[in-house]
Each structure stands twice: as structure tokens, then as C-alpha cells.
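Engineer: Residue numbers (the working numbering): 1 to 526. The following block contains the structure, expressed as C-alpha cells.
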Amino acid sequence: MRRPHLFWIAAWAAIGLSACATLPQRPSRPPDLDASKACADWRWIGISRPGALCPEVSGWTVRPLFPQIPPPETDCSRKDEKVPDPEVFRELNRFCVYERASRHGSPSPPAASDLVRVDRDCAALSLSAAPLEASIAGPPFESFFEQVGKPPQPLKIDNWLGVRLAFLDTEPTHEGVPETMGNSAHGYVLSRIARKLVCTPEPVDHCAVQIATRLALPMLSFDAASPKRTRIDSKRGGFLGTQSDLASAIEGEVREWLVRKAQPHLVLNLSIAWDGRLFGGLDEAQISEMTAGTQAVYRALEYAAGYDVLVLAAAGNQKREPCASTGPLLPAAWERGGLGESCRTSPGPLVYAVGGVDSAGNPVINARPGGMPPRAAFGQVSDWGFVGSSVSTAVVSSIAALVWDSFPDLDSHGVMKILEQSGEPLSYPPDFWFGSDAPATAPFPKAHRIALCTALQGACKQHPGVPCPLQGACPDWTPDPSDVARNALVAVHRDGRMPGLGVCQPWLSPQPEDDPCLACIKPPPQ
1 MRRPHLFWIA AWAAIGLSAC ATLPQRPSRP PDLDASKACA DWRWIGISRP GALCPEVSGW
61 TVRPLFPQIP PPETDCSRKD EKVPDPEVFR ELNRFCVYER ASRHGSPSPP AASDLVRVDR
121 DCAALSLSAA PLEASIAGPP FESFFEQVGK PPQPLKIDNW LGVRLAFLDT EPTHEGVPET
181 MGNSAHGYVL SRIARKLVCT PEPVDHCAVQ IATRLALPML SFDAASPKRT RIDSKRGGFL
241 GTQSDLASAI EGEVREWLVR KAQPHLVLNL SIAWDGRLFG GLDEAQISEM TAGTQAVYRA
301 LEYAAGYDVL VLAAAGNQKR EPCASTGPLL PAAWERGGLG ESCRTSPGPL VYAVGGVDSA
361 GNPVINARPG GMPPRAAFGQ VSDWGFVGSS VSTAVVSSIA ALVWDSFPDL DSHGVMKILE
421 QSGEPLSYPP DFWFGSDAPA TAPFPKAHRI ALCTALQGAC KQHPGVPCPL QGACPDWTPD
481 PSDVARNALV AVHRDGRMPG LGVCQPWLSP QPEDDPCLAC IKPPPQ
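If you want it as C-alpha cells, here you go:
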């Protein structure tokens, strides 16, 4: 049964998470597309003027979006210091969350002289995986790990839990891999993929990486007009969230990692995305031109980058006809280049985007035309019921974390350089890459398929004096003959569109018109 006000209850939709000449021109917005459906009248994000506290506004409650952290005492002469620019802290301290004090409160947006900008908080974002249809089912469980390059011999793990790998997704905040699935299978499945890649099972789980989950999608349902009809489940997770939820999750995970000091390195997996064409972040020339929620996510990523946190984000999936569905989604699209001005010039992007491919190296069935980044990984497995760049992002995040644990003297950009150099060249170039907005940038030669065994092999060759976790040769990459998605992909990508539902909505595909069958999701193998 269709329930229009509960269209948000979807296992496949949630927060997911500058123009580039190499991308196809973005089509105009369909006339029936109303992005305001995804934005709350009852919650607004404000940005105060520099140095001012969040101002009180009559009829609204107010709180800082981020903890008020004093900027560190540092200066730009310390180029090697892994601390964010003090300006990043000052910017984080400017974000305010306003919520209507009662249902009878003022419908007008909060306004005060100390606010330089205020925008609705938007549940505009989607997961970057879709349920597999039987006709395009990928290889089963066992073959999946062959396709992502899991070595046939167990790894020799010497640096135990030297890296923290956090999945900001549908699962509640938890240290370790969740034992039971929450309301959505998405974050649960991704953390289980990581465990299979970074742990050896004998005699008990011996993991190179500390896996963690952090809730970024707390909502079971969303109503733009009513907070009472917006249901949140912090104990079992939700299906969607807002930009402020994602920004808070990024900042909170980095802050907790810094306080714990248990691992020297942190990797964040963002298998979530939003359409920057609809909700901001793609075409603005300055950060200050973005909506407040988009700015909050960007500033939180700057905060993470200042501590050399490695962030990987899914490039995103196609929407169905008649929706526009071209180019990468955000935050992955920010790989092209940052908008901020900092005294520390980064040797790499703010985030690293990841695309999905099938076993033959073709983009997965729901890949976005014009949305392939320089790196991709196998992204479909029928046993777990997912296809898309979220699966691929979990694979690459796990590989990066394992390489970083084995070679802890690398920085985040050095880790990604090893992954890309060791990847299998594909038959096509990427659609965007770091620096691709620069006018004189040469085309990136080829996109690369990242796999675990070859990444470790490449890292070991570059660091012969460091113990190598590999205990055998890497098998050749062989396309799975049962992977029939290649044939379907040719038909779908002939005109760059997927068969549609006849409607176009502001949230991202996959977002079914009907309530999904949550009981139909098969739990992944243990």
C-alpha cells in the first residue's frame, strides 16, 4: 500500500553522502521535482557571524551543531603537523541547530542579527546500494571475495588493530562488528564485508583493523512539516537522516578517535550520498555560497582531513527515469578539489570517491553516467542482496585500512597512491579526479579496479624491509562467467538511463513508491 507521508520508510533510501568539463552537461530539473519535500520546516541550520555564540530566537530552541572546541595553538609554519588549521575550528563553532519550540511555534525561519545564514535541514541523502534483481544477480558469497581480491591463504597480521575503520551508516554507534542487524541491512552488511577482509578466523578472529559503526541515519520516517511524525530510532538505527546528522557523525567519530588514542590512523567509510544539483555543494564557487547543512558536512570533512583521516565516499547510483541522473554525487564529487583556503596545501583530495564495477570491469548496472572516479572495486553480491558503489566503497575502505595497518608510516594519501598504482587498469578513463576542475589538467589515463591481494603485493614491493602480510601469490583476475550484469548494462547505458517508475522525487534512488519488504532482506552469512 502506498503511504505518501511514509515514503521515507525505505531500506534503500536515507542520507544515503563546481562544474567539470569532462562530465556530461547536467539536464535541467524536471518540472514536478519539489526538493522542499526533503527539508524540515521545524529544524533549521544557522551559521552565526564569526566569533558570535548561537543567538537565541523567540519560539525556537537552539544548540550548537558541534561541540565548541577552542582552536589549537599552532601556525602554518608547521607543515608536518597533523592538526587542522585553526580556522577550521572557528568555522565549526559557528553552526547552530534551531528547532521549533512547539507545534504552535512560528512557521517563519529563525532570524537574528548574529546569523549570517539559515537554511532548512534536509533529509536529502541516500544509501549508495540497491537491491539486486534476479535478472542481474551477481556472483554468490564465496565468489564475491574472490572478485574483491581476498588472498587464498590467510594473512599474517603483525600490527594488530593499528587502524580504526568506522562505517557512518545505518547501524547504531558500536565498537566492533554488530552481532545483530538493525532496522536496515545496509550498514550491517558493509561492516561484515570489512570483517571478512581484515580479520583471520583462526583460532579466533584476529583483526588488523578495529571496525566500528556510527549512526548517521537515525530516522525511520520523516515529515517535513511535523517533528512528531518524524520517528527516530537511535537503538536500532534508521533508514535516512539529514545533513546535520551526517556532519555530526563525522565530527563525533573523529573526536572520539582522538580522545581514545587507541589507533594511530582512522578511515571513514561514507557509503551515503546526496544530489548536489538539488541540495547544494556542486556548483558553488565558495563554501559560503552553499546551504548551511552542506557547509556543515564540508567543514566536518575539513576537520577530519586536518588530522590525516582517510575518507572514502561512494560515487553514487542512478535514479530511475524521468529523473536526471548524471555525474557523481556528494560528498564523493568533492574529490575534484577543495573550495577552502588553508595555509596547509593538501597533497590529495578531501575525500576519495569509489565507483562500482562488475567482474568484467564494466560499471555496475546502476552506475551513474559521468560518475566514475579513478578507482573502483567489485560492487555486487546476490547472497547479500546489494549492488552499487556502497559495496565497492566498503571494499576499498577495508583494503586501505589493512594496508595502513601493515605500513603505518604512510600518510593517508600515500596509502591511496599504493592502492591506485597496484590496481588493474580498466578499459576506460575516469570521469573526474583530484584537480580535474583545473583548466590545464591532463586527462587521467585509466580508471583502476582495486583488489586486496594486489594492493598488499604492491605495498610490500615498495617496502621490502617491512613484514608482508601476504603468504602466497595473488591469483589472476578472472571475470565470473555467471555475471550477466554486463549484458543488461549495455542496454541500460546506451542512453544513460534506467527504466523508471514514471515519477521523480527529490530523494535518491533506490526509493520505492511502496513500503519495502524489510523481512525479505536475507541476513548475510556469518
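Even for Gly, the Cβ is constructed at its ideal location relative to N, Cα and C.
So for methionine 219, helix, strand or coil by DSSP?
Structural biologist: strand
Engineer: DSSP three-state label for glutamine 380, please.
Structural biologist: strand
Engineer: Below 8 Å on the Cβ atoms is my guess for tryptophan 44 versus tyrosine 98; work out the distance and round it to an integer in Å.
Structural biologist: 5 Å
Engineer: Do you know how far the Cα of phenylalanine 386 is from the Cα of tryptophan 257?
Structural biologist: 30 Å
Engineer: Rounded to whole angstroms, what's the CA-CA distance from proline 373 to leucine 402? Just pull it up for me.
Structural biologist: C-alpha separation (whole angstroms): 22 Å.
Engineer: Are the Cβ atoms of arginine 117 and glycine 46 separated by less than 8 Å?
Structural biologist: It is a contact, given that the beta carbons lie within the stated cut-off.
Engineer: Measure the alpha-carbon distance for glycine 237 versus threonine 291 and round it to whole angstroms.
Structural biologist: Going from the Cα of glycine 237 to the Cα of threonine 291 covers about 26 Å.
Engineer: So what's glycine 293 in DSSP terms, helix, strand or just coil?
Structural biologist: helix
Engineer: Are the beta-carbon atoms belonging to leucine 197 and lysine 150 less than 8 Å from one another?
Structural biologist: yes
Engineer: Using the C-alpha atoms, what's the distance from alanine 377 back to aspartate 358?
Structural biologist: 8 Å
Engineer: Assuming valine 351 contacts valine 391 (C-beta within less than 8 Å), just tell me the rounded distance between them.
Structural biologist: Contact flag wrong, Cβ pair sits at about 18 Å.
Engineer: Quick one: give me the first and last residue of the alpha helix (DSSP H) that proline 86 is part of.
Structural biologist: Per DSSP, proline 86 belongs to the alpha helix (DSSP H) from 86-92.
Engineer: For the beta strand (DSSP E) holding serine 48, just list the boundary residues, first then last.
Structural biologist: Its beta strand (DSSP E) spans residues 39-48.
Engineer: Just confirm the distance between the C-beta atoms of leucine 165 and valine 209, as a whole number of angstroms; I'd bet it's less than 8 Å.
Structural biologist: 5 Å
Engineer: Would you mind sorting lysine 319 into buried or exposed? The rule is 16 or more other CB atoms within 10 Å of its CB.
Structural biologist: buried
Engineer: If distances are taken between C-alpha atoms only, which option among Ala273, Ile418, Glu253 and Trp60 comes closest to glycine 241?
Structural biologist: Ala273
Engineer: Could you tell me the alpha carbon to alpha carbon distance between arginine 90 and leucine 246, rounded to whole angstroms?
Structural biologist: 19 Å
Engineer: Rounded to whole angstroms, what is the Cα-Cα separation between arginine 120 and alanine 111?
Structural biologist: Annotation: arginine 120 to alanine 111 spans about 13 Å, alpha carbon to alpha carbon.
Engineer: Is the segment 428-437 close to the segment 404-417, with three or more CB pairs under 8 Å?
Structural biologist: no
Engineer: Is DSSP giving glutamine 68 helix, strand or coil here?
Structural biologist: coil
Engineer: Using DSSP with H/G/I as helix, E/B as strand and the rest coil, what is glycine 187?
Structural biologist: helix
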